Amino acid sequence: MPDKPKSRHTESWPEESREAAQLVIDQYGEPDEITDSQLIWNSPGPWKRIVASKAFYEHNFPAPHTDSVESVIDYRVPVEKFSELAEFDGSVIVERTAGEVSARCHDEQANLLALNLMHDIVTGAKTVDEARAYYAKEFADYRRKKPTPYMEKLHFAPGDRSAADPDSRVLSDEDLEQAKREGRERQ
1 MPDKPKSRHT ESWPEESREA AQLVIDQYGE PDEITDSQLI WNSPGPWKRI VASKAFYEHN
61 FPAPHTDSVE SVIDYRVPVE KFSELAEFDG SVIVERTAGE VSARCHDEQA NLLALNLMHD
121 IVTGAKTVDE ARAYYAKEFA DYRRKKPTPY MEKLHFAPGD RSAADPDSRV LSDEDLEQAK
181 REGRERQ
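Position 135 of the sequence shown, counted from 1, bears residue number 135 in full-length UniProt numbering, the numbering being contiguous throughout.
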(Lines of atoms letter the chains of each structure in order from A; the text may use other names.)
(Lines give C-alpha, C1' and ligand atoms only; values in the text may rest on other atoms or scores of the structure.)
Protein backbone atom coordinates (compact mmCIF):
# COMPACT_ATOMS: atom_id res chain seq x y z
CA MET A 1 0.00 0.00 0.00
CA PRO A 2 1.55 3.38 -0.96
CA ASP A 3 2.18 6.03 1.68
CA LYS A 4 -0.40 8.80 1.97
CA PRO A 5 0.82 12.08 0.53
CA LYS A 6 2.44 14.37 3.08
CA SER A 7 1.04 17.84 3.68
CA ARG A 8 2.81 20.72 1.99
CA HIS A 9 1.66 22.96 4.88
CA THR A 10 4.14 21.37 7.28
CA GLU A 11 7.17 20.88 5.03
CA SER A 12 9.24 23.41 7.00
CA TRP A 13 8.14 22.14 10.42
CA PRO A 14 10.37 20.07 12.73
CA GLU A 15 9.84 16.32 12.37
CA GLU A 16 8.20 16.06 15.83
CA SER A 17 5.40 18.47 15.02
CA ARG A 18 5.17 17.55 11.31
CA GLU A 19 4.53 13.89 12.16
CA ALA A 20 1.87 14.77 14.75
CA ALA A 21 0.11 17.19 12.36
CA GLN A 22 0.12 14.53 9.64
CA LEU A 23 -1.80 12.18 11.94
CA VAL A 24 -4.57 14.79 12.21
CA ILE A 25 -4.55 15.40 8.45
CA ASP A 26 -4.81 11.64 7.85
CA GLN A 27 -7.78 11.48 10.23
CA TYR A 28 -9.71 14.66 9.33
CA GLY A 29 -8.37 15.87 5.99
CA GLU A 30 -7.10 19.32 5.15
CA PRO A 31 -7.36 21.94 7.91
CA ASP A 32 -9.93 24.75 7.92
CA GLU A 33 -7.34 27.41 8.79
CA ILE A 34 -3.66 27.51 7.89
CA THR A 35 -0.84 29.75 9.10
CA ASP A 36 2.92 29.29 8.95
CA SER A 37 2.88 27.95 12.50
CA GLN A 38 -0.54 26.33 12.99
CA LEU A 39 -3.16 24.18 11.30
CA ILE A 40 -6.69 24.41 12.70
CA TRP A 41 -9.69 22.14 12.22
CA ASN A 42 -13.07 23.43 13.39
CA SER A 43 -15.55 20.87 14.77
CA PRO A 44 -13.77 17.67 13.68
CA GLY A 45 -15.10 14.52 15.30
CA PRO A 46 -15.93 15.10 18.99
CA TRP A 47 -13.82 18.28 19.19
CA LYS A 48 -14.64 21.96 19.18
CA ARG A 49 -11.32 22.36 17.37
CA ILE A 50 -7.94 20.76 16.90
CA VAL A 51 -4.81 22.87 16.60
CA ALA A 52 -1.60 21.33 15.28
CA SER A 53 1.34 23.62 16.00
CA LYS A 54 4.80 23.93 14.53
CA ALA A 55 6.02 24.50 18.09
CA PHE A 56 6.32 21.41 20.20
CA TYR A 57 6.99 20.87 23.88
CA GLU A 58 9.00 18.19 25.63
CA HIS A 59 6.75 16.30 28.05
CA ASN A 60 7.93 13.49 30.32
CA PHE A 61 4.58 12.26 31.70
CA PRO A 62 4.06 9.34 31.58
CA ALA A 63 7.13 8.79 29.37
CA PRO A 64 9.21 11.21 27.28
CA HIS A 65 7.43 12.47 24.17
CA THR A 66 6.55 15.76 22.49
CA ASP A 67 3.27 17.70 22.59
CA SER A 68 2.12 19.65 19.54
CA VAL A 69 -1.52 18.71 18.84
CA GLU A 70 -4.18 20.33 21.00
CA SER A 71 -7.75 18.99 21.13
CA VAL A 72 -10.32 21.43 22.55
CA ILE A 73 -13.78 20.90 24.05
CA ASP A 74 -16.33 23.16 25.73
CA TYR A 75 -16.31 22.27 29.44
CA ARG A 76 -16.79 24.23 32.64
CA VAL A 77 -14.29 23.30 35.32
CA PRO A 78 -15.11 24.41 38.87
CA VAL A 79 -12.41 26.81 40.05
CA GLU A 80 -11.62 24.59 43.03
CA LYS A 81 -10.52 21.81 40.62
CA PHE A 82 -7.92 23.87 38.69
CA SER A 83 -5.01 22.93 40.96
CA GLU A 84 -5.85 19.24 40.82
CA LEU A 85 -5.90 19.33 37.02
CA ALA A 86 -2.56 21.15 36.92
CA GLU A 87 -1.14 18.51 39.25
CA PHE A 88 -2.57 15.72 37.08
CA ASP A 89 -1.07 16.80 33.75
CA GLY A 90 0.51 20.08 32.71
CA SER A 91 -0.73 19.54 29.17
CA VAL A 92 -4.37 19.75 30.24
CA ILE A 93 -5.24 23.42 29.80
CA VAL A 94 -8.29 25.07 31.36
CA GLU A 95 -9.59 28.32 29.86
CA ARG A 96 -12.12 29.52 32.44
CA THR A 97 -13.41 32.60 30.62
CA ALA A 98 -13.82 30.75 27.30
CA GLY A 99 -15.31 27.67 29.01
CA GLU A 100 -12.83 25.39 27.28
CA VAL A 101 -10.54 22.58 28.29
CA SER A 102 -7.91 21.15 26.01
CA ALA A 103 -5.26 18.50 26.05
CA ARG A 104 -2.03 18.87 24.11
CA CYS A 105 -0.07 15.76 23.23
CA HIS A 106 1.32 13.94 20.21
CA ASP A 107 -1.95 12.44 19.01
CA GLU A 108 -5.71 12.40 19.37
CA GLN A 109 -5.75 9.16 21.37
CA ALA A 110 -3.55 10.60 24.12
CA ASN A 111 -5.75 13.71 24.19
CA LEU A 112 -8.86 11.55 24.60
CA LEU A 113 -7.14 9.77 27.49
CA ALA A 114 -6.15 13.02 29.21
CA LEU A 115 -9.59 14.61 28.85
CA ASN A 116 -11.44 11.52 30.02
CA LEU A 117 -9.25 11.51 33.12
CA MET A 118 -9.75 15.28 33.53
CA HIS A 119 -13.49 14.60 33.67
CA ASP A 120 -12.95 11.82 36.23
CA ILE A 121 -11.01 14.23 38.45
CA VAL A 122 -13.60 17.01 38.11
CA THR A 123 -16.48 14.64 38.93
CA GLY A 124 -14.61 12.97 41.80
CA ALA A 125 -14.50 9.54 40.13
CA LYS A 126 -10.68 9.49 40.44
CA THR A 127 -8.10 11.28 42.54
CA VAL A 128 -5.11 12.90 40.87
CA ASP A 129 -2.90 9.95 41.85
CA GLU A 130 -5.45 7.44 40.54
CA ALA A 131 -5.77 9.37 37.27
CA ARG A 132 -1.98 9.52 36.80
CA ALA A 133 -1.67 5.80 37.49
CA TYR A 134 -4.50 4.99 35.06
CA TYR A 135 -2.95 7.24 32.40
CA ALA A 136 0.37 5.39 32.69
CA LYS A 137 -1.37 2.00 32.55
CA GLU A 138 -3.45 2.81 29.47
CA PHE A 139 -0.49 4.52 27.76
CA ALA A 140 1.52 1.29 28.19
CA ASP A 141 -1.46 -0.90 27.25
CA TYR A 142 -1.76 0.99 23.95
CA ARG A 143 1.76 -0.12 23.10
CA ARG A 144 0.95 -3.65 24.26
CA LYS A 145 -1.99 -3.66 21.80
CA LYS A 146 -4.35 -4.22 24.74
CA PRO A 147 -7.75 -2.53 25.08
CA THR A 148 -7.56 1.20 25.83
CA PRO A 149 -11.12 2.41 26.37
CA TYR A 150 -10.16 5.93 27.45
CA MET A 151 -8.21 6.41 24.20
CA GLU A 152 -11.09 5.40 21.93
CA LYS A 153 -13.68 8.13 22.58
CA LEU A 154 -14.84 10.71 25.08
CA HIS A 155 -16.75 9.00 27.88
CA PHE A 156 -18.80 12.10 28.67
CA ALA A 157 -20.66 14.75 26.70
CA PRO A 158 -18.69 17.98 26.32
CA GLY A 159 -20.43 21.21 27.23
CA ASP A 160 -21.57 23.92 24.89
CA ARG A 161 -21.06 27.66 24.68
CA SER A 162 -22.76 28.01 28.08
CA ALA A 163 -19.61 26.51 29.64
CA ALA A 164 -18.01 29.96 29.41
CA ASP A 165 -17.48 31.73 32.73
CA PRO A 166 -17.23 35.51 32.26
CA ASP A 167 -16.58 35.89 36.03
CA SER A 168 -18.19 38.52 38.28
CA ARG A 169 -18.09 42.24 37.91
CA VAL A 170 -16.38 44.09 40.77
CA LEU A 171 -16.29 47.65 39.38
CA SER A 172 -19.59 49.49 38.89
CA ASP A 173 -20.18 52.07 36.17
CA GLU A 174 -19.94 54.68 38.93
CA ASP A 175 -16.53 53.31 40.03
CA LEU A 176 -15.27 53.52 36.45
CA GLU A 177 -16.55 57.07 35.99
CA GLN A 178 -14.89 58.10 39.26
CA ALA A 179 -11.60 56.57 38.10
CA LYS A 180 -11.82 58.47 34.79
CA ARG A 181 -12.44 61.74 36.64
CA GLU A 182 -9.46 61.10 38.90
CA GLY A 183 -7.34 60.33 35.85
CA ARG A 184 -8.28 63.59 34.19
CA GLU A 185 -7.45 65.51 37.38
CA ARG A 186 -3.93 64.03 37.37
CA GLN A 187 -3.16 65.26 33.84
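Note that beta-carbon positions come from the ideal geometry of N, C-alpha and C, so glycine has one too. Just so you know, these numbers come straight off a predicted model, no measurement behind them.
Going along the chain, which residues of its own chain have a beta-carbon closer than 6 angstroms to the beta-carbon of residue i, five neighbours each way excluded?
i	result
residue 34	9
residue 13	54
residue 136	62
Since residue i sits in a beta bridge, which residues does DSSP pair it with?
i	result
residue 59	65
residue 53	38
residue 103	71 and 92
residue 33	40
Quick one: residues in its chain with C-beta nearer than 8 angstroms to the C-beta of residue i, no 5 flanking neighbours on either side, listed in chain order?
i	result
residue 251	Since the first residue shown for the chain is 1 and the last is 187, residue 251 is missing from the structure and cannot be characterised.
residue 1	Below a pLDDT of 50, predicted positions are generally treated as unreliable, and residue 1, at 47, falls in that range; the measurement from the model is reported next regardless. For residue 1, where only same-chain residues beyond five positions count, there are no Cβ hits under 8 angstroms.
residue 148	109, 113, 138, 141 and 142
residue 158	46, 48, 73, 74 and 75
residue 163	74, 75, 76, 99 and 100
residue 38	51, 52, 53 and 54
Beta-carbon separation of residue i and residue j under 7 angstroms?
i	j	result
residue 96	residue 165	yes
residue 100	residue 72	yes
residue 44	residue 28	yes
residue 200	residue 160	It is not possible to answer for residue 200, since the shown part of the chain is limited to 1 through 187.
residue 63	residue 92	no
residue 77	residue 94	yes
residue 20	residue 106	yes
residue 56	residue 16	yes
residue 122	residue 81	yes
If I measure Cβ to Cβ from residue i and keep anything under 7 angstroms in the same chain, skipping five residues before and after, which residues do I get?
i	result
residue 61	89
residue 237	The shown model of the chain, from 1 to 187, leaves out residue 237, and the question about it has no answer.
residue 6	22
residue 132	88
Please confirm if residue i has its CB atom under 7 angstroms from at least one CB of chain D.
i	result
residue 20	Here chain D cannot be found, since the structure has a single protein chain.
Checklist entry - Between the region 40-59 and the region 125-140, are three or more C-beta pairs nearer than 8 angstroms? => result no
Checklist entry - Does the region 119-128 touch the region 78-92, meaning 3 or more C-beta pairs lie closer than 8 angstroms? => result yes
Item to check | Within the UniProt region "Disordered" (153-187), ranges of the alpha helix (DSSP H) (whole runs, at least 4 residues) | outcome: 173-186
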